[in-house]
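Visitor:
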């Protein structure tokens, strides 16, 4: 990713505001909202400059310094724009403190997205010259078409054998759209069914309505017809070894939302409630496992698994003393075997599936699933979660409360 030299940044400050630069005196009031709109617009890169856009914090409209203190807290707030889940797909950006025109400024450099259109708060923001606005139908169509010429992640690869009729229009129009877009955007007229699907990356384009991997997983009537491994294999084993008796077994399939909801029902059914009437004056109730921790690990397994070149399901094996959740596909991108599970280290093999899970409310914020699960396990009195990581799979072991 290109980082500008100080002279180049000062040139952007001296010039008029353009589709490559925006200036804010501080990060207070409604600026955090407007800054996210700017990041979204830079990521969409409607003018197709293929250059990073820059958001300056600590600069007046004329480019002179406002002398806003650039603190560590401010830099963390700027960095949160990348991972708080309000801009989807997740933007690629770098936050720095730079000395420009003899004053400190916060500089946010935003890379054009390979997967436009990018949305903030359910709206597609664009920038042409100094204007920042919500994309109209034609601009949205241009952004969707740009995506065809990029190196796409597998989750928006087309599935040539699938047809538009393999997607549920009912689910898309009655459930997904209302969760993904603001109501005023949905009320706008003129967008066809195919154009809306393409905008959400569910099909290749309005003129080529071939469903993508994402479309089949999010809206497919029978996604396993095309992605056989996109399911969960649940086993409840009466013992501590895989060879012991199986007392409950189910292959859980369907769309990604249906699959998660049905798996959660299984987990709730098998999570026993323990009542302690001895340790204190009043009885206390606790579960063998905190359900919130199991959910976080399950969501991670579905989100970060590989769907390419494998028919292996996500495996949830519940033993008498532990739960094992096995996700096909090893670490990806910035995440390695050595740094797996460390706070702040995250990357996304399936960024568009992450968008869908965030839209449906399964994920509230990105990059915090393991930390949240560990905290909930400790609060419930369970041992820490264990991880066995290799290049082909990630195994998470949750041990029963002692």
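In our numbering, the protein residues as written are 374 to 775. Where a beta carbon is used, it is the ideal one built from N, C-alpha and C, also for glycine. It should be emphasised that the depicted structure is a prediction, and the values quoted were computed from it without experimental measurement.
Quick check on residue 699: does DSSP put it in helix, strand or coil?
Guide: For the purposes of this step, residue 699 is identified with residue 326 of the chain shown, where counting begins at 1. Strand, per DSSP.
Visitor: Where do the N-terminal and C-terminal ends of the alpha helix (DSSP H) with residue 404 fall, by residue?
Guide: Mapped onto the chain shown, residue 404 falls at position 31. Taken as a continuous stretch (DSSP letters only), the alpha helix (DSSP H) holding residue 404 covers 404-417.
Visitor: Let me check you understand the geometry: is the CB of residue 615 closer than 7 Å to at least one non-hydrogen atom of the ligand GDP?
Guide: The model depicted lacks the ligand GDP and carries no ligand whatsoever.
Visitor: Would you call residue 619 buried or exposed, if buried means 16 or more other Cβ atoms sit within 10 Å of its Cβ?
Guide: Position 246 of the chain shown, counted from the first residue, corresponds to residue 619. Around the beta carbon of residue 619, fewer than 16 other beta carbons lie within 10 angstroms, which makes this residue exposed.
Visitor: At which residues does the alpha helix (DSSP H) containing residue 448 begin and terminate?
Guide: Here the question's residue 448 lines up with position 75 in the chain shown. Element bounds for residue 448: 445-456.
Visitor: On a CA-only basis, which of 700, 690, 673 and 581 is nearest residue 684? Give me that one, please.
Guide: Translated into positions along the chain shown, residue 684 becomes position 311. Out of 700, 690, 673 and 581, 700 has the C-alpha closest to the C-alpha of residue 684.
Visitor: Is residue 408 closer than 8 Å to residue 397 when the C-beta atoms are compared?
Guide: Your numbering for residue 397 matches position 24 in the chain shown. Your numbering for residue 408 matches position 35 in the chain shown. Yes, the pair counts as a contact, with Cβ atoms nearer than the cut-off.
Visitor: What residue range does the beta strand (DSSP E) around residue 625 cover?
Guide: Counted from its first residue, the chain shown places residue 625 at position 252. Unbroken beta strand (DSSP E) run through residue 625: 618-625.
Visitor: Hey, would you say residue 533 sits closer than 8 Å to residue 585, going by beta carbons?
Guide: As a first step, residue 533 is located in the chain shown; it is residue number 160 there, counting from the start. As a first step, residue 585 is located in the chain shown; it is residue number 212 there, counting from the start. No. Outside cutoff.
Visitor: Would you kindly report the start and end of the unbroken beta strand (DSSP E) that includes residue 426?
Guide: On the chain shown, residue 426 is found 53 positions in, with the first residue counted as 1. Start and end: 426-430.
Visitor: Let me know the beta strand (DSSP E) ranges lying completely inside the segment 721-762, each 3 residues or longer, listed in chain order.
Guide: 759-762
Visitor: How far does the beta strand (DSSP E) with residue 395 in it extend, from its first residue to its last?
Guide: As a first step, residue 395 is located in the chain shown; it is residue number 22 there, counting from the start. Here the beta strand (DSSP E) through residue 395 covers 394-397.
Visitor: Have a look at 613, 460, 706 and 583 and flag the residue whose alpha-carbon is nearest the alpha-carbon of residue 764.
Guide: Within the chain shown, numbered from 1, the residue matching residue 764 stands at position 391. Nearest C-alpha to residue 764 among 613, 460, 706 and 583: 706.
Visitor: Name the residue from 667, 515, 547 and 568 whose alpha carbon lies nearest to the alpha carbon of residue 537.
Guide: Position 164 of the chain shown, counting from 1, holds the residue named residue 537. The shortest Cα separation from residue 537 among 667, 515, 547 and 568 belongs to 568.
Visitor: Hey, is the segment 736-743 in contact with the segment 498-505, meaning 3+ C-beta pairs nearer than 8 Å?
Guide: Contact fails: fewer than three Cβ-Cβ distances are below 8 Å.
Visitor: Would you kindly work out how many angstroms separate the C-alpha atoms of residue 677 and residue 462, rounded to a whole number?
Guide: For the purposes of this step, residue 677 is taken as the residue at position 304 of the chain shown. For the purposes of this step, residue 462 is taken as the residue at position 89 of the chain shown. Their Cα atoms are separated by approximately 15 Å.
Visitor: Please classify residue 529: does DSSP put it in a helix, a strand, or coil?
Guide: Sequence index remark: in the chain shown, residue 529 carries index 156 (1-based). Helix at residue 529.
Visitor: Checking the sheet assignment: what are the DSSP bridge partners for residue 593?
Guide: What you label residue 593 is simply residue 220 of the chain shown in a count that begins at 1. In DSSP, residue 593 forms a bridge with 540.
Visitor: Report the rounded CA-to-CA distance for residue 589 versus residue 539, giving the unit in angstroms.
Guide: As a position in the chain shown, residue 589 is number 216, starting the count at 1. As a position in the chain shown, residue 539 is number 166, starting the count at 1. Answer to the nearest angstrom: the Cα atoms are 8 Å apart.
Visitor: Should residue 517 go down as buried or exposed, given a rule of 16 or more other Cβ atoms within 10 Å for buried?
Guide: The residue you call residue 517 lines up with position 144 of the chain shown. Looking at its Cβ environment, which holds 16 or more other Cβ atoms inside 10 Å, residue 517 is buried.
Visitor: To the nearest angstrom, how far is the alpha carbon of residue 663 from that of residue 437?
Guide: Here residue 663 is taken as the residue at index 290 of the chain shown, counted from 1. Here residue 437 is taken as the residue at index 64 of the chain shown, counted from 1. About 53 Å.
Visitor: As an exercise, report each continuous alpha helix (DSSP H) stretch of at least 4 residues that is fully enclosed by the segment 452-495, in chain order.
Guide: none
Visitor: Taking Cβ to Cβ, would you say residue 427 is nearer than 8 Å to residue 454?
Guide: In the chain shown, the residue the question calls residue 427 occupies position 54. In the chain shown, the residue the question calls residue 454 occupies position 81. Contact: no.
Visitor: When you compare only the Cα positions, how much space is there between residue 669 and residue 421?
Guide: For the purposes of this step, residue 669 is taken as residue 296 along the chain shown, with counting starting at 1. For the purposes of this step, residue 421 is taken as residue 48 along the chain shown, with counting starting at 1. Inter-residue distance for residue 669 and residue 421 is about 38 Å (C-alpha atoms, whole angstroms).
Visitor: Using 8 Å as the limit for Cβ to Cβ distance, is residue 489 near chain D?
Guide: No chain D is present in this structure, which holds just one protein chain.
Visitor: Compare the Cα-Cα distances from residue 696 to each of 728, 770, 710 and 704 and report the closest residue.
Guide: Within the chain shown, numbered from 1, the residue matching residue 696 stands at position 323. Selected option, being the one with the closest Cα: 770.
Visitor: Below 7 Å CB to CB, which residues in the same chain sit around residue 520 once its five sequence neighbours on both sides are set aside?
Guide: As a first step, residue 520 must be located in the chain shown, where it is residue number 147. Cβ neighbours of residue 520 beyond the five flanking positions: 488 and 489.
Visitor: Excluding sequence positions up to five away, which residues of its chain have a Cβ less than 8 Å from the Cβ of residue 389?
Guide: Residue 389 sits at position 16 when you count from the first residue of the chain shown. If we look at residue 389 and ignore the five residues flanking it on each side, its Cβ neighbours are 503.
Visitor: Among 528, 476, 492 and 686, whose alpha-carbon lies nearest the alpha-carbon of residue 432?
Guide: Sequence index remark: in the chain shown, residue 432 carries index 59 (1-based). For the residues 528, 476, 492 and 686, the minimum Cα distance to residue 432 belongs to 476.
Visitor: Is the CB-CB distance between residue 698 and residue 671 below 8 Å?
Guide: What you label residue 698 is simply residue 325 of the chain shown in a count that begins at 1. What you label residue 671 is simply residue 298 of the chain shown in a count that begins at 1. Yes. Within cutoff.
Visitor: Any idea what DSSP makes of residue 422, helix, strand or coil?
Guide: Residue mapping note: residue 422 aligns to position 49 of the chain shown, counting from 1. Coil, per DSSP.
Visitor: Per DSSP, what are the beta-bridge partners of residue 767 in this structure?
Guide: Counted from its first residue, the chain shown places residue 767 at position 394. BP columns for residue 767 point to 700 and 762.
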